[in-house]
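Single-structure report; data block below.
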Amino acid sequence: SAVISQKPSRDICQRGTSLTIQCQVDSQVTMMFWYRQQPGQSLTLIATANQGSEATYESGFVIDKFPISRPNLTFSTLTVSNLSPEDSSIYLCSVRGTGAANEKLFFGSGTQLSVL
Amino acid sequence: GDSVTQMEGPVTLSEEAFLTINCTYTATGYPSLFWYVQYPGEGLQLLLKATKADDKGSNKGFEATYRKETTSFHLEKGSVQVSDSAVYFCALTGGSGNTGKLIFGQGTTLQVKP
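Line by line, the protein sequences give chains A and B.
The first sequence begins at 1 in my numbering and counts up one residue at a time.
The second sequence begins at 1001 in my numbering and counts up one residue at a time.
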């Protein structure tokens, strides 16, 4: 299994500012995923972050809005830039398990972002 | 592209009632199928999974069978408890063209009343 520490757990931000979310894993993982869960909706993958290379973004998400860092195999950050009320969501990082659990995703507890 | 469709909620049941939450999927190749659960105030966690056709995943009294012929993975429980109140997500991964990320359904909220 993997234990994921994500912070902050929640934040309230002003329009036009940015928020950086941190994700720390207790083991080395190749791929980390960033998801968004908008109110009352399902999870949508934002991007996949591999260590040592640029993140791969899903359709509808761009690096200028959601820059991601992946400096090592246990850590990643997601920044939500130029915030607007439409960015109010829960943001989650996740990692794949290893070995027999390699198809299982482990999730952080999420960051609830409210934009005023 | 790959997709997952769940029955709309909320689903409200009395304790000890039978639960079914429908899930169907569209995918090329041979995806693995999952049910994740999100309890109030907690993070998402895996409930059960099935990796090939006719597999049955089970956990905590919940079951789901991978039906390739109907592209379905319906979640069932014979007798729900108040503590089962949560949001349930059906998901898939591993289909052709899928790099291992999860594709989620829209989630179904279950509320169990005493």
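The beta-carbon is built from N, C-alpha and C at its ideal position, and this holds for glycine as well.
Assign residue i to one of three DSSP states: helix, strand, or coil.
i: V1082/B; result: helix
i: P1010/B; result: coil
i: E54/A; result: coil
i: E86/A; result: helix
i: K1113/B; result: strand
i: K1068/B; result: coil
i: V117/A; result: With chain A running from 1 to 116 in the structure shown, residue 117/A is simply not present.
i: G1061/B; result: coil
i: L160/A; result: Outside the modelled stretch of chain A, which goes from 1 to 116, sits residue 160/A, for which no answer is possible.
When we look at the beta-carbon of residue i and count the other beta-carbons within 10 Å, is it buried (16 or more) or exposed?
i: T30/A; result: exposed
i: F1018/B; result: exposed
i: G1041/B; result: exposed
i: P1031/B; result: buried
i: E1004/B; result: First, the amino acid is wrong: residue 1004/B is Val here, not Glu. With 16 or more Cβ atoms within 10 Å of its Cβ, V1004/B is classed as buried.
i: Q1006/B; result: buried
i: S18/A; result: exposed
i: G1029/B; result: exposed
Leaving out the 5 sequence neighbours to the left and right, which residues in its chain are closer than 6 Å to residue i when beta-carbon positions are compared?
i: L1102/B; result: A1091 and T1093
i: D127/A; result: Limits of chain A in this structure are 1 at one end and 116 at the other, which puts residue 127/A out of reach.
Against residue i, what residues of chain D qualify as contacts under a CB-to-CB distance less than 7 Å, listed in chain order?
i: F33/A; result: The displayed structure is made up of protein chains A and B, and chain D is not among them.
Which residues in the same chain as residue i place their Cβ atom closer than 8 Å to its Cβ, once the five residues preceding and following it in sequence are excluded?
i: R15/A; result: L83, S84, P85, V115 and L116
i: L105/A; result: F33, S94, V95, R96 and G97
i: G108/A; result: I4, S5, Q6, C23, L92, C93 and S94
i: V1011/B; result: L1019, I1021, T1108, T1109, L1110 and Q1111
CB-CB under 7 Å to residue i, same chain, minus the five flanking residues each way: which ones, in chain order?
i: D26/A; result: A2 and V3
i: T1051/B; result: S1032
i: L1048/B; result: W1035, G1057, S1058, N1059, F1062 and A1064
Stretch pair the stretch 1105-1114 of chain B + the stretch 1047-1056 of chain B: three plus CB contacts closer than 8 Å: Taking 8 Å as the limit for Cβ pairs, the verdict is that the stretch 1047-1056 of chain B does not touch the stretch 1105-1114 of chain B.
Identify each residue in the stretch 39-72 of chain A for which the Cβ-Cβ distance to at least one residue of chain B is less than 7 Å, and report them in chain order. Correct list: Q41, S42, L43, L45 and T48.
Got a sec: which bits of the stretch 1037-1056 of chain B sit with their beta carbon under 8 Å from any beta carbon on chain A, in order along the chain? Answer set for the stretch 1037-1056 of chain B: E1042, G1043, L1044, Q1045, L1046, K1049 and T1051.
Could you run through the stretch 1073-1093 of chain B and flag, in chain order, every residue whose CB is less than 7 Å away from some CB of chain A? Here the close residues are F1089 and T1093.
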